[in-house]
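Engineer: I'd like to ask you about the structure that follows.
There are 2 protein chains.
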Amino acid sequence: MTSEPIETALALLGRQGTYRVLRALLDGPMRFGELQGVTRLLPRTLSLRLKEMDAMGWVVREQFAEVPPRVEYRLTPAAVALEPLLRAVEAWAEEHA
Amino acid sequence: MTSEPIETALALLGRQGTYRVLRALLDGPMRFGELQGVTRLLPRTLSLRLKEMDAMGWVVREQFAEVPPRVEYRLTPAAVALEPLLRAVEAWAEEHA
DNA sequence: CCGTATCCCACGAGATACTG
DNA sequence: CAGTATCTCGTGGGATACGG
Numbered sequence: 001m002t003s004e005p006i007e008t009a010l011a012l013l014g015r016q017g018t019y020r021v022l023r024a025l026l027d028g029p030m031r032f033g034e035l036q037g038v039t040r041l042l043p044r045t046l047s048l049r050l051k052e053m054d055a056m057g058w059v060v061r062e063q064f065a066e067v068p069p070r071v072e073y074r075l076t077p078a079a080v081a082l083e084p085l086l087r088a089v090e091a092w093a094e095e096h097a
Numbered sequence: 101m102t103s104e105p106i107e108t109a110l111a112l113l114g115r116q117g118t119y120r121v122l123r124a125l126l127d128g129p130m131r132f133g134e135l136q137g138v139t140r141l142l143p144r145t146l147s148l149r150l151k152e153m154d155a156m157g158w159v160v161r162e163q164f165a166e167v168p169p170r171v172e173y174r175l176t177p178a179a180v181a182l183e184p185l186l187r188a189v190e191a192w193a194e195e196h197a
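This is how it looks when you write it as C-alpha cells:
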C-alpha cells in the first residue's frame, strides 16, 4: 500500500481550517484578514495552515509594497484541481448527513 | 460557514489509517487480523480507527459465534458512497504528485 | 494590517505487554 | 484470534498578548 501522497493530502485536508480556506480562495485571492473573517480561525491557526498549504504547494503568498501592508493568498493550479474532490465531499455530505 | 458534517468527515478521512481501511473494505468484508496485515497499522490504532468509523456509521462490526472467534468488518452504504471521493483524491494525486 | 510569541491542555499515535 | 492496558512523546490547537 503506502499511497503516500494521497495520505499526505488527506491529512492536510483533515486539519482544522484547510477546507474553509480552500473554499474561500476558490472564489479568488484574499487577504489574511479577510480569510480570518470568513473562516473564523484564530490568527495563529490560520497562519499555520497557510504555511502548511504553502509547503504543500497549494497556496501562494503575494506581498505588496504598500502602506498599510497588503498580503494576498491565492491557490495554485494544483489546489484548484482539488475542487472536484471538494464537490465530492459536499455531495456525499448532502446525501449522508 | 460551519459546514460541520463535511469537516467531520474530512477530519476522520485525514486520520491515520482511515483511507487504508476504506480502500481495503471496498473489496469486501475483512477480519481484524487481515485488516491489520493489509493496512500495517498497530492493533491499537486499527482498533481506535474502526471504533471511530463505526461511530461515524461507516463500518459495521459482525461477530460470529465460532471457535476461534471470528469478527468481520464491512462498510455501510454511506461508506461505500465515499468511493467517488477516494477516486477523486487518487486522480488528483496521480496528476499532482 | 499581518502576523509571531507564549503558555497550556488535550489527544493522536508508536511500542510493548497482556487477556477473554 | 481480536483486541485492551499502559506509558510516553510529539504535536495540534485554543486564548491572550505583543511586534514590524
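Going down the list, the protein sequences come from chains X and W.
Our numbering puts the first residue of the first sequence at 1, with every later residue one more than the last.
Our numbering puts the first residue of the second sequence at 101, with every later residue one more than the last.
Using N, Cα and C, we set each Cβ at its ideal position, and we do this for glycine too.
(1) Answer with buried or exposed for A9 of chain X, where buried requires no fewer than 16 other C-beta atoms within 10 angstroms of its C-beta.
(2) Can you name the residues of chain X whose CB is closer than 7 Å to the CB of P105 of chain W?
(3) Roughly how many angstroms lie between the CA atoms of L12 of chain X and L46 of chain X, to the nearest whole one?
(4) Who pairs with R174 of chain W in a beta bridge, going by DSSP?
(5) Within 8 Å of any Cβ in chain X, is that where the Cβ of P184 of chain W sits?
(6) Among X:Q36, X:I6, X:P77, which residue has its Cα nearest to the Cα of Q16 of chain X?
(7) Short check: CB of I106 of chain W to CB of E90 of chain X, under 8 Å?
(8) Can we say the region 164–181 of chain W touches the region 70–86 of chain X, given the rule of at least three CB pairs closer than 8 Å?
(9) Could you tell me whether any Cβ in chain X is nearer than 8 Å to the Cβ of L110 of chain W?
(10) Please report the straight-line C-alpha distance between A91 of chain W and A79 of chain X, rounded to a whole angstrom.
(11) Sort X:E62, X:G28, X:L22 by Cα distance to R49 of chain X and report the nearest one.
Structural biologist: Let's see:
(1) buried
(2) A93, A97
(3) 13 Å
(4) W:V160
(5) yes
(6) Checked all of X:Q36, X:I6, X:P77; the closest Cα to Q16 of chain X is X:Q36.
(7) Note that the C-beta distance between I106 of chain W and E90 of chain X is below 8 Å.
(8) no
(9) yes
(10) Chain W is shown only over 101 to 197; residue 91 of chain W falls outside these bounds and no answer can be derived.
(11) X:L22
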